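One structure is given here, and the rest of the page talks about it.
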Amino acid sequence: MSIEIIPTGAPAGAEIRGVDLAQPLDDATFAAVENAYNAHGVIFFRDQNITPEQQVAFSRRFGEIEFNIFGERWSVPGAPEIVVVSNVTEDGRPIGIRRAGENWHSDMCYAPAPPRGTMLYALEIPDLHGLTVGDTEFASAAAAWDALPAPLRQRIDGRQAIFDFSSRKRAFPLTQAERDRYPPVRHPIVRTHAWTGRKCLYVMRDDCVGIEGVETEEAEALIAALADHIVKPAFIYRHQWQAGDLLMWDNCSVQHRAIQDYDMPLRRLMHRTTMGGAVPV
Ligand code: OGA
Ligand code: MN
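Just so you know, we're using the numbering used here here: the sequence shown kicks off at -15 and counts up by one.
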């Protein structure tokens, strides 16, 4: 395969051409893909045609598949590793998780070892009179760190925030057992990327409920200011989906959100895998 990597021009994102994910990738091709993923934070492949098994096999090359509570509710029949992300309701029942991430976030930041990355394979994409809707935005938390003034860097580097799973408003009510599974955890608010060594801001307005050693009101104000900073337009890549896209993002170096500008009867259907958890440092 002759692989081509085309950066989006934004601080995150690159398209990869010349790769057919229905075929196993040789080690050299995989290494080029993984390097592009680490360097760009978001990579995508257009016009793919893959089975759930092929998506799971490709995901596993980046690390073990993570299972989460969404999969227990909405996995693909016969492929428990894949979560259905969709707005579609059939016979009055949602076929997948809806509104998976309308607000800026990094996946499973409330877990002790959040997944390295998340992969979405687009099966159906809504189209409004020829306009694509249902985009996903990605903000580079690495570029956001680079742009911080030195005094603020010094103030926050080395600090830990408390991430609380129960604090976030969700599209469905959590059971007590689900809450109990994720007690509040601490993570550094400035992470070091395991592969590139770049520093990345790791602060989310909905999930961070405090900063250790910082008085509550000041911590809340700092969390809000940093969360707003990360998602400034200069740090954003906005992905316009096409059916057949396979896209994956890095949960350390980017944050993301789904744009909810469509609804039934327009249909959006994605297959999602999450892979390779590690304790943030
Ligand atoms: C997710 C998510 C965004 C989207 O699956 O974690 O945030 O656009 N999805 O579906
Ligand atoms: Mn998400």
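Quick reminder that beta carbons are idealized off the backbone N, C-alpha and C, glycines included.
These numbers were taken from a predicted model, which means no experiment stands behind them.
Assigned secondary structure, residue i (DSSP; H/G/I helix, E/B strand, else coil)
i	result
I207	helix
I173	coil
I214	helix
V60	strand
I199	Before going on, a small fix: residue 199 reads as Glu here, not Ile. Coil.
S90	coil
A(-6)	coil
F149	helix
A41	helix
F28	strand
I53	helix
P78	strand
Cβ pair residue i, residue j closer than 8 angstroms
i	j	result
V218	V187	The sequence given here places Ala at residue 218; Val does not occur at that position. No.
V67	F54	yes
I207	C192	yes
P99	H171	no
N235	G142	no
A227	G85	no
T289	N22	With the chain running from -15 to 265 in the structure shown, residue 289 is simply not present.
F149	Y94	yes
Q239	I214	yes
Bounding residues of the alpha helix (DSSP H) (the contiguous stretch that carries residue i)
i	result
W129	A125 to D130
L136	A134 to I140
Y21	D11 to H24
R163	Q160 to R165
Close beta carbons around residue i, own chain, < 8 angstroms, minus the five adjacent residues each side
i	result
G(-3)	P(-9), H24, G25, V26, I27, F28, F122, Y221 and H223
R251	S70, N71, V72, E108 and P110
V3	M(-15), I(-13), L9, T13, V17 and F29
E74	none
Neighbourhood of residue i by C-beta distance below 7 angstroms, restricted to the same chain and skipping five residues each side
i	result
V60	P36, I66, V68 and H255
R45	F14
A127	P(-5) and F219
D91	P98, P99, T102, N235 and T258
Proximity test, residue i beta-carbon vs ligand 1 heavy atom, cut-off 7 angstroms
i	result
H171	no
A178	no
V69	yes
T120	yes
A227	no
Terminal residues of the beta strand (DSSP E) in which residue i lies
i	result
R45	From DSSP, R45 is part of no beta strand (DSSP E); its letter is neither H nor E.
Q239	V238 to A242
W233	L230 to D234
P99	P99 to E108
L185	K183 to L185
I220	I220 to H223
Contact set for residue i: own chain, Cβ-Cβ below 6 angstroms, skip 5 residues either direction
i	result
A203	G194 and I195
I42	Here residue 42 is Phe; the residue named in the question, Ile, does not match the sequence. Taken in chain order, the residues that qualify are L5.
A63	P36
Any non-hydrogen atom of ligand 2 within 7 angstroms of residue i CB
i	result
A106	no
D91	yes
T(-8)	no
Residue-level contact to chain B via CB, residue i, 8 angstroms cutoff
i	result
V40	Reference to chain B is not applicable here, since this structure consists of a single protein chain.
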